[in-house]
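Numbering (the working numbering), first residue to last: 2 to 118. A virtual CB, placed ideally from N, CA and C, is assigned to each residue, including glycine. As the structure is a prediction and not an experimental result, all values here were calculated from the model.
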């Protein structure tokens with residue numbers, strides 16, 4: 002259905018190609034539920050801010066019918082990277098989803114958004 006919808010044939014879309022140049026190949030676009038022909042339709046963190054008190058605010062793009070988890074890590078060293086869940090089972094809305102990390106962390110904290118199966 003994905004290939005038919007976006008490329009006009011059930012076998013026209015090469016999973017390894019990125020026709021809209023947004024950094025996500027067709028397979029990733031399919032899994033994320035984004036449009037492989039629209040560079041503005043991409044799964045990403047869209048904003049981030051930290052308050053003077055250390056709380057962090059971020060938002061990310063979402064798609065209805067998809068579920069997400071936001072993780073954080075205070076360091077990217079170690080194998081595997083010590084990611085910890087901040088919030089899980091976040092349901093997509095077809096719009097940006099705001100998330101708050103109210104815990105003042107160190108001066109540097111890393112975040113990622115994970116698409117759940």
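### Query
When burial is assigned at 16 or more other CB atoms within 10 Å of the CB, is residue 77 buried or exposed?
exposed
### Query
Per DSSP, what kind of secondary structure is residue 1 in: helix, strand or coil?
The question about residue 1 has no answer here: the residues shown for the chain are numbered 2 through 118.
### Task
Verify whether the separation of the beta carbon atoms of residue 32 and residue 26 is less than 8 Å.
no
### Message
Does the structure place the region 50-64 close enough to the region 92-105 that three or more beta carbon pairs sit under 8 Å?
### Response
yes
### Query
So which of 98, 68 and 53 has the shortest CA-CA distance to residue 107?
53
### Query
Secondary structure at residue 18, three-state DSSP: helix, strand or coil?
coil
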